[in-house]
Amino acid sequence: MSKNIKSTAELSLPEAYEIEYSESLPDVDSLGIVLRHKKSGARICLISNDDENKVFYIGFRTPVTDDTGVPHIIEHTVLCGSDRYPCRDPFMLLAKGSLNTFLNAMTYPDKTVYPVASCNDHDFANLMSVYMDAVFHPNIYKYREIFMQEGWHYELERPEDELKVNGIVYNEMKGVLSSPDSQVFDELCKALYPDTTYGRSSGGDPECIPSLTYEQYLDFHRTHYHPSNSYIYLWGDCDLKERLEWMDKNYLSHYDAIDVSGTEITEQKPFGGLHRERAYFSVEPGSAQGERDERGYLVYAAVTCPSGDPLECIAWDIIGEVLIGTTGAPIRTALLEAGIGADILAGVLDHIRQSGIFIMAKNACAEDGEKFLSIVRDGLSKAAGGMDKDALRAALNSREFAYREADFGSTPKGLCYGLDLLQSWLYDDSSALRYMHLGDCYAKLRDGIDNGYFESLIEKAADPQHAVMLSYEPREGLIGEVEARLAAKLADFKASLGEEELRGIVAETERLREYQERPSTPEESQCIPVLSRSDIRREPLPYSNIECTVGGVRAVEHEGQTAGIEYITLYFDISELPQQWLPHISELCGLCGRMDTAHHSYAQLTTEIKLNIGKLSLSESSYLKEGESDSFSTYASVEISCLEGKVREALALVREILTETDYSDTRRLRELLAESRSDVQSKIFSRGHSVASTRALSYFSRFYKLSDWNSGIGAYRMLEAELAALGERGGEIALTYERAARAAFDPERLTVSFCGGAVGRAALEESIPGMIEALRGYACPPDSDGCWFDGMEGDILAPCDLCEGFAMSSQVQFVAMAGNMREGGIRYRGSMKVLENAINNEYLYNAVRVRGGAYGVFCRINGAPGYVYFASFRDPRMTETEHVYLGAAEWARGLDPDEDTITRYIIGTFSGIDRPLSVREKAARSMANYLMGTDFERVRRERHEMIDTTAEQLREDAAAIAAATEHSFRCTLGNARVVREQGDFKNIVPLS
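Heads up: the sequence shown at position 351 corresponds to 376 in our numbering, and the numbers run straight through without jumps.
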């Protein structure tokens, strides 16, 4: 058995493969082996280690020459059934019935990747089998309806009806292109790489998608989905020999190698200088703000290096951070002081053939384009003459800390490393493992700080031969123009058709509906082997909460192997403060560490933080109390991650930030509040489903009302009002934030959470008393005299019986509905989580995504509080989706799953519950349950209830959905015309 091997000699390599090269990978404690399949030419990369969370992907080079989105449509459609798995949607069978820790597929500008992950060997084999069969033997050649459903189709139910276009990818991309934050990068790549795949929309332009024919789509699959054009990756503690033999026998040996040079990724020839480009995005008519429209984007970008060079890519990332990205960075400061942009961004354009850098001013005026360019170029020229070495070390420290920590949240780390490999492997077969040795790069870059390496890079780029200046400008009613153009085109097309042709489209519409509604045969439903309930761990993992004191302060310690990293969080209980302070404390958390203190300018402070602290973040969080529906506690928290030798320095900086920040600089305050508003605005367009569902819940929940104030539409309105008032009432607003800090950071309400080693604990014990003393001298009760609380009078968390539609410049909707099952006297039990899985992956998926064309939809049954809510995203419909939500209870009442089906429901439910967690995540989960007062016996009981769920219980649980939807609240964010004409709302609010 070839598991966790340390050398190629241990591999027992099957005869069908040959080793091209292998390398020890000390950064990830692994062995890397690059193979070639002799017969088919497939490339394979094996990363062998002891990680139980095994990862597989197969990827293909998929460059495009047009904007029809053909690789994106293929990514969707190959997962709609295959020779070995003929059911209509094996992907959803896996989603609702596998223990996967990752299950998805992604289309990039130059590649398409199909990754899966699981800790269960049997499950991992199932996932690999479904994905390999999907890419090589999909049903797309048998059923044209798959292309119609996922890509695009004409929709006409009766000859006299209006002709429409629908399709899941079509609607997904309407949503993507309704977000200026997404569009600006598409426009930038079009400008910077016009003659390459990066100058096209691999996802698809909705105006171009309907020009893609079924045959063109099949031809793309035939050309690109061959083992010779593939990149296969395996990570973790699995039997590599067995997996290689399986791939050879079932797939790779069936193919002969072919010439795939036609899929190679080409480079853009340099322009020989700077190109100026202009593009437009849509805003609502009549939404212009004053003479200067400051809703645009100004972007400078230049090609800097090949993607395969990680040293230069990291170096440019650090340069961008030091010059633009960091608080107080020189180019950032110069732009803000010149009044250009509310938010300044910088970054590296990576994961592409030619990497580049970009500098962006968001919420800027097009008239300032030349001034913007002059400031950027001047800043780069000055930096080429010498950079701040401490700032370079600080940025380098921060990035190296994140690399060494390797905490990728819920995404398997093996997948993150595997996708990074494609930054070199996709373009150079000889360098597949280059991005697994970044530790060496950081060592070289540390030396480069003193030998002028960074300055030499900037000098080469100061007068680039390949650069773009993009002005991305708002245009009123642009989406209306697009809609009118489409309507006219469809009307003309329909008018050109004869009766027989119209009947043909009606028949196609009906055939698609029949295909979508055809029930699976028993053989199709069982084509993927089902795991057993015994594959699920019956007992929940215990929380690690050890109550103690540290430095005389109440504390909770969490056990875990942290490899020399200390995780410390300070929790200040602010639950008893007057309500109007809570949204300001939430915003205060974004100011702390980014304004001057008594000892450091904000630029100096940023450098000190990055030199001494791996990660520092402040936030406001609320925790529902055990057994309560809407009673919660709220905390201002300070989260610190640092090396064990830096605990004293880290806490000294935190003490300075909490007790010595100067909030009186109203100019700086304006910059930060404008940046925060920009972030919330981006969230509204990119994650409208989250914003809409939070808003719907806020109509009856104080908990969610506070969430809306802190990060939703309430936050956006508060920030708009503050920014408008800063000119005349800046002193009051500054005083409000200072008083908020004094009220929030009260040492008498402090609890310390920590996870680390003995060295870090000793430093914590030593440092806490000094912090407590400083806080006692700073904190005071809340005093609102002279403060700014406009629009926040009375009970700001009081429920309000609202039903709102927010009219935006968008081509799609985000449709939310929420209610509380406790209204019907229903109490939560574990089987309801299984019902949630069934509703999501069968009822809603088929009704809203498959038949309705929305990109996504979900239901959540939120445990003990009793909250039930639905939300769709990138949805072409609104009222129809609401009717689907209202029908969920009736569907659940009719559930009659057999044993295999209900076992799939249960297994899929635990896929989301039992994901592996990092040490930091385990500590945070334990602490959250401590703050909520979670009853572990209840957790155990509900887990058992999930595992033991019966069909009868699922039908009974339909009452929870019925109780919530019978007394429901609605909120939709979406197309202004749809919201105004189709919505039955109490309030319709323009949102721009």
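Virtual Cβ for every residue (Gly too), placed ideally from N, Cα, C.
| Query | Result |
| --- | --- |
| Buried or exposed: where does Met-600 fall if 16 or more other Cβ atoms within 10 Å of its Cβ makes it buried? | The residue asked about is misnamed: residue 600 is Ser in this sequence, not Met. With fewer than 16 Cβ atoms within 10 Å of its Cβ, Ser-600 is classed as exposed. |
| Of the residues Phe-210, Leu-237, Met-157, which one's Cα is nearest the Cα of Ala-194? | According to the sequence shown, residue 194 is Val rather than Ala. Measuring from the Cα of Val-194, the nearest candidate turns out to be Leu-237. |
| Would you mind giving the Cβ-Cβ distance between Ile-886 and Lys-858, rounded to the nearest angstrom? I have them listed as a contact below 8 angstroms. | 7 angstroms |
| Is Tyr-322 buried or exposed, if buried means 16 or more other CB atoms sit within 10 Å of its CB? | buried |
| Quickly, what does DSSP pair Ala-359 with across the bridge? List them, please. | In DSSP, Ala-359 forms no bridge with anything. |
| Nearest-angstrom Cα distance between Tyr-688 and Gly-364? | 20 angstroms |
| So Phe-296 is in the alpha helix (DSSP H); what residue range does that whole segment cover? | From DSSP, Phe-296 is part of no alpha helix (DSSP H); its letter is neither H nor E. |
| Going along the chain, which residues of its own chain have a beta-carbon closer than 8 angstroms to the beta-carbon of Ile-30, five neighbours each way excluded? | Leu-36, Leu-56, Ser-73, Leu-265 |
| At a threshold of 6 angstroms, does Thr-904 count as lining the ligand SAH (C-beta to nearest heavy atom)? | For the structure depicted, the ligand SAH is absent and the ligand set is empty, with no information on it obtainable. |
| Provide the residue span of the beta strand (DSSP E) that contains Met-817, from first to last. | Here Met-817 belongs to no beta strand (DSSP E), and DSSP marks it neither H nor E. |
| Measuring CB to CB, does Cys-112 end up less than 7 angstroms from Ser-545? | yes |
| Mapping the DSSP letters down to three states, classify Asp-415 as helix, strand or coil. | helix |
| Excluding five sequence neighbours on each side, which residues of the same chain lie with their C-beta closer than 6 angstroms to the C-beta of Lys-1011? | Leu-827, Cys-828 |
| Ignore the nearest five residues each way along the sequence and tell me which others in Val-103's own chain have a CB closer than 6 angstroms to its CB. | Ala-159, Val-160, Pro-163 |
| Taking buried to mean at least 16 other C-beta atoms within 10 Å of its own C-beta, is Thr-609 buried or exposed? | Going by the sequence as given, residue 609 is His instead of Thr. Counting Cβ neighbours within 10 Å, His-609 comes out buried, since at least 16 surround it. |
| With a 10 Å radius around its C-beta and 16 neighbouring C-beta atoms as the bar for buried, classify Lys-79 as buried or exposed. | buried |
| Quick check on Ser-656: buried or exposed, where buried means 16 or more other Cβ atoms within 10 Å of its Cβ? | exposed |
| Could you spell out the range, first to last residue, of the alpha helix (DSSP H) harbouring Lys-274? | 265-275 |
| My guess is that Tyr-467 and Leu-421 are in contact by the Cβ rule of under 8 angstroms, so how many angstroms apart are they, rounded? | 7 angstroms |
| I'd like to know whether the C-beta atoms of Ser-736 and Gly-999 end up nearer to each other than 7 angstroms. | no |
| Is Pro-310 helix, strand or coil by DSSP? | coil |
| Select from Gly-94, Glu-185, Tyr-880, Gln-978 the residue whose C-alpha is nearest the C-alpha of Gly-523. | Glu-185 |
| Leaving out five residues before and five after Gly-958 in sequence, what residues of the same chain have Cβ atoms less than 8 angstroms from its Cβ? | Lys-650, Glu-651 |
| If you count every other CB in all the chains shown that lies within 10 Å of the CB of Pro-1033, and 16 or more means buried, which is it? | For residue 1033 there is no data in the structure shown, the boundaries of the chain being 26 and 1017. |
| Straight-line CA distance for Asn-125 to Arg-558? | 15 angstroms |
| Would you kindly work out how many angstroms separate the C-alpha atoms of Glu-991 and Tyr-724, rounded to a whole number? | 15 angstroms |
| Express the C-alpha separation of Leu-722 and Lys-730 in angstroms, rounding to a whole number. | 7 angstroms |
| Give the list of continuous beta strand (DSSP E) stretches no shorter than 3 residues that lie fully inside the segment 373-428. | 379-389 |
| Is DSSP giving Gly-849 helix, strand or coil here? | helix |
| For the alpha helix (DSSP H) containing Met-198, name the first residue and the last one. | 193-201 |
| Check each candidate in Lys-199, Asp-135, Lys-387 and name the one with the smallest Cα separation from Gly-287. | Asp-135 |
| Can you give me the C-alpha to C-alpha distance between Ala-832 and Ala-1001, rounded to a whole angstrom? | 4 angstroms |
| Just grab the DSSP bridge partners of Gly-57 for me. | Glu-48, Ile-72 |
| Among residues of its own chain, excluding the 5 on either side of Ala-628, which ones have a beta-carbon nearer than 6 angstroms to its beta-carbon? | Gly-353 |
| In the DSSP output, which residue or residues are listed as bridge partners for Arg-885? | Tyr-894 |
| At a cut of 8 angstroms, does the segment 742-756 reach the segment 779-795 through at least three beta carbon pairs? | no |
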